[in-house]
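Below: one structure, written as structure tokens.
There are 2 protein chains.
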Amino acid sequence: MSRTTLKQFKEKAFQNSKVQEEYDLLKPEYAIKKKLIAMRKDAGLTQEKLAEIMGTKKSNISRLESFKSSISPRIDTLINYAKATGHELKVDFV
Amino acid sequence: MSRTTLKQFKEKAFQNSKVQEEYDLLKPEYAIKKKLIAMRKDAGLTQEKLAEIMGTKKSNISRLESFKSSISPRIDTLINYAKATGHELKVDFV
DNA sequence: CTAAATATTATCATATTTGATAACTTTTGT
DNA sequence: ACAAAAGTTATCAAATATGATAATATTTAG
Numbered sequence: 301m302s303r304t305t306l307k308q309f310k311e312k313a314f315q316n317s318k319v320q321e322e323y324d325l326l327k328p329e330y331a332i333k334k335k336l337i338a339m340r341k342d343a344g345l346t347q348e349k350l351a352e353i354m355g356t357k358k359s360n361i362s363r364l365e366s367f368k369s370s371i372s373p374r375i376d377t378l379i380n381y382a383k384a385t386g387h388e389l390k391v392d393f394v
Numbered sequence: 301m302s303r304t305t306l307k308q309f310k311e312k313a314f315q316n317s318k319v320q321e322e323y324d325l326l327k328p329e330y331a332i333k334k335k336l337i338a339m340r341k342d343a344g345l346t347q348e349k350l351a352e353i354m355g356t357k358k359s360n361i362s363r364l365e366s367f368k369s370s371i372s373p374r375i376d377t378l379i380n381y382a383k384a385t386g387h388e389l390k391v392d393f394v
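Protein sequence lines correspond, in order, to chains A and B. The opening residue of the first sequence carries number 301 in our numbering; numbering runs sequentially from there. The opening residue of the second sequence carries number 301 in our numbering; numbering runs sequentially from there.
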């Protein structure tokens, strides 16, 4: 029983390590999406309402926020999203 | 002579005010470009060298950095620029 | 001052994002 | 449980960024 547990432990550690690696690789994009969603929710807006403010459609907001989507939004899109949720975009290079 | 100077002064003040307004409106984009240029120079790279590292052409770097250009770069483009100059992109919404 | 180095500009092709629409799925409220 | 609300997904059109090339302009080094 303990041998199976050790094998499972190693496998799980490997999986976590792999996920972590992918997470790190996608870090800025991942972080941006998390922030987009947080801002919208903090503003108490549905995707549809936000879309309305931004002059677009909810499906486009969904695409922007989706972790399954590999798109790389343009700066002006992020600026508009920020404004619509009461924020301002700030880009740094660290 | 003093009347002409006064007229020119007002005109210049108007122009500056107008430029300032446009500057403010374009603030994030303007700031990004300034940072791009600073990073490249800090890294001691010409546009041509940087282009080489990024796998593109110097003219494309020039376009990215140009204050006369109204393009809105994609996030992945900025990520690649950052990496090539030894930095990492960080996006915030303040 | 001058040539080399560096940067800019224009143009067209290609790639990718955003716009628009509709169908579908999941979540929420009662 | 069920309908409405909210979010997702796919698709195609339009818009825009990037790739690639070449000519031109500006800056720099000697």
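Every residue, glycine too, gets a C-beta built ideally from N, C-alpha and C.
With DSSP as the reference, label residue 336 of chain B as helix, strand or coil.
Stepping through the second sequence from its first residue, residue 336 of chain B is reached at position 36. Looking at residue 336 of chain B - three-state DSSP - the assignment turns out to be helix.
When Cβ atoms are compared, which residues of the segment 359-376 of chain A fall closer than 8 angstroms to chain B?
When C-beta distances to chain B are compared with 8 angstroms, the residues of the segment 359-376 of chain A below that value are 372, 373, 374, 375, 376, in chain order.
Note the first and the last residue of the continuous beta strand (DSSP E) segment covering residue 390 of chain B.
Position 90 of the second sequence, counted from the first residue, corresponds to residue 390 of chain B. Start and end: 389-393.
Proximal chain B residues relative to residue 350 of chain A, where beta-carbon distance stays under 7 angstroms
Walking along the first sequence from the start, residue 350 of chain A turns up at place 50. Simply none; closest approach about 14 angstroms.
I'd like to confirm the pairing. Which residues does DSSP put opposite residue 374 of chain A in its beta bridges?
Numbered from its first residue, the first sequence carries residue 374 of chain A at position 74. Answer is B/374, bridged to residue 374 of chain A.
Under 8 angstroms by beta carbon: chain A residues contacting residue 332 of chain B
Counting from 1 along the second sequence, the entry for residue 332 of chain B is found at position 32. Neighbours of residue 332 of chain B on chain A, chain order: 375, 391.
Looking at the secondary structure, which residues open and close the alpha helix (DSSP H) in which residue 362 of chain A lies?
Along the first sequence, read from residue 1 onward, the residue named residue 362 of chain A stands at position 62. First-last of the alpha helix (DSSP H) with residue 362 of chain A: 358-365.
Verify the CB distance criterion: does residue 343 of chain A have a CB-CB separation below 8 angstroms to chain B?
On the first sequence, position 43 is the one that residue 343 of chain A refers to. Not an interface residue.
Cβ-based burial, residue 346 of chain B [other Cβ within 10 Å; buried from 16]:
In the second sequence, residue 346 of chain B corresponds to position 46, counting from 1. Exposed, since its Cβ has fewer than 16 Cβ neighbours within 10 Å.
Cβ-based neighbour list, residue 379 of chain B, same chain, cut-off 7 angstroms, excluding 5 preceding and 5 following
Counted from its first residue, the second sequence places residue 379 of chain B at position 79. These residues qualify, in order along the chain: 389.
Chain A residues whose Cβ lies nearer than 8 angstroms to that of residue 339 of chain B
Reading the second sequence from its first residue, position 39 is the one you call residue 339 of chain B. Those are 393, listed as they occur along chain A.
If we define contact as Cβ-Cβ less than 8 angstroms, is residue 325 of chain B a contact residue for chain A?
The residue given as residue 325 of chain B occupies position 25 in the second sequence. Its pLDDT being 49, under 50, residue 325 of chain B is placed unreliably in this model, and the value from its coordinates should be taken loosely. Judged by the 8 angstroms Cβ criterion, residue 325 of chain B is not in contact with chain A.
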